[in-house]
Amino acid sequence: MGLCEVARDDILLGSRGGEVVARIGAAAGLERLSLCGTGAGARGIASMLDGMDVGRLRDLSLARNSLGDAGARALAGIRGARALESVDLTRAGLGACAMRAIGRAEWLPGLQELRLSYNPVGDRGLEALLESAGPLAMKRLSLDRCALGDTPRAPLAEAEFTDLVELNLESNTLCAATLERMLRAPWAQGLHTLNLRRCALDDRAARVLAACAASMPKLRSLELGHNGIGRRGARALARAPWHGLEHLGLAHNDFDDRAARILARSPCAHHLRTLDVMWCPNLGPRGVAC
Numbered sequence: 001m002g003l004c005e006v007a008r009d010d011i012l013l014g015s016r017g018g019e020v021v022a023r024i025g026a027a028a029g030l031e032r033l034s035l036c037g038t039g040a041g042a043r044g045i046a047s048m049l050d051g052m053d054v055g056r057l058r059d060l061s062l063a064r065n066s067l068g069d070a071g072a073r074a075l076a077g078i079r080g081a082r083a084l085e086s087v088d089l090t091r092a093g094l095g096a097c098a099m100r101a102i103g104r105a106e107w108l109p110g111l112q113e114l115r116l117s118y119n120p121v122g123d124r125g126l127e128a129l130l131e132s133a134g135p136l137a138m139k140r141l142s143l144d145r146c147a148l149g150d151t152p153r154a155p156l157a158e159a160e161f162t163d164l165v166e167l168n169l170e171s172n173t174l175c176a177a178t179l180e181r182m183l184r185a186p187w188a189q190g191l192h193t194l195n196l197r198r199c200a201l202d203d204r205a206a207r208v209l210a211a212c213a214a215s216m217p218k219l220r221s222l223e224l225g226h227n228g229i230g231r232r233g234a235r236a237l238a239r240a241p242w243h244g245l246e247h248l249g250l251a252h253n254d255f256d257d258r259a260a261r262i263l264a265r266s267p268c269a270h271h272l273r274t275l276d277v278m279w280c281p282n283l284g285p286r287g288v289a290c
């Protein structure tokens, strides 16, 4: 198997380094290429992608490089990457224009995993990505810390995912209305893992989640830590029919003794393997005993 990895912090390639990697890639028929934090920049990435044979490439990481719009256009212009399954673009300086370019990429519809964490995508950027792309077969999507929730729009509600099982939305701002539109989308029925940590969720949002529980029968992990969920919201979540849920994260919320008793008596309790209620100030010894 062809393999090339340049570890972050070990080597700084710079813009001309992309040409060197391209020559290596053309000769080796790479299956996995990681250039995380190498300082290749938009020019280096463009040079690399222009000269590489990407027919066998399965896994590409360009995380922690300043790609910007030019780098995104170069990446979107890849042709013949029939085997590409995973692309990591974490901290790559990608905004709305870059998302529009990536949305038109030939390789995007068949991708299995896309990581866009720590990019200033915003709702408009996500909307541009999804509108340009059409139906998407990806199973895992990471959008944590992507400045979502900056408009009343809910781009994910209109997305055409066919096989999505894992969605990471940590550290975005999601109101109850946006959350409801998203979780009522057809693709939400297939989710196994949903991360809504630090999403400014309140009791109303918690009640929306509880109301959508029955329509997400495959959900196994729900992370809600570090939100503003109060007692009523926590109790609504405890009553919800999470029949297959194995992990429930409620750390740093107002999960109290009564919510603990409700959860202990619900059918959900039989499936739970982990319950994270660290730093829930109103959970006392009686609740813990439940």
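The sequence shown lines up with residues 1 to 290 when you count with my numbering.
Just so it is clear, CB atoms sit at the ideal spot from N, CA and C, and this is done for glycine as well.
For R115, the enclosing beta strand (DSSP E) covers residues 113-115. Spanning the alpha carbons of A200 and L35 requires a straight line of approximately 34 Å. Note that the C-beta distance between E85 and L62 is not below 9 Å. Straight-line measurement puts the Cα of G134 at about 15 Å from the Cα of P186.
Per DSSP, V87 lies in no alpha helix (DSSP H); the unbroken beta strand (DSSP E) holding it starts and ends at 86-88. C-alpha of L129 to C-alpha of A92: approximately 16 Å in a straight line. Per DSSP, the beta bridge partners of G249 are E223, D276. Closest in C-alpha terms to A213, from the list R204, L245, R235, comes L245.
Boundaries of the beta strand (DSSP E) harbouring S61: 59-61, taken from the DSSP string.
Of the other Cβ atoms in all chains shown, 16 or more fall within 10 Å of the Cβ of K139; this residue is therefore buried. Sixteen is the threshold: since fewer than 16 other Cβ atoms of the shown chains lie within 10 Å of the Cβ of G55, the residue is exposed. Residue pairing of N172 in beta bridges, as defined by DSSP: absent, with no partner found. Bridge partners of F161 according to DSSP: L136. T193 is positioned such that its CB atom lies no closer than 9 Å to that of S215. At least 9 Å separates the beta-carbon of R207 from that of E223. Between the beta-carbon of N119 and that of L141 there is about 13 Å, and that puts the pair past the 8 Å contact cut. Assigned with DSSP and collapsed to three states, S215 falls in helix. Comparing alpha-carbon positions, the option among L219, G71, A269 lying closest to M48 turns out to be G71. Contact between R231 and A259 holds: their C-beta atoms lie close to 7 Å from each other, under 8 Å. Straight across, the Cα-Cα distance linking G233 with L143 is about 25 Å.
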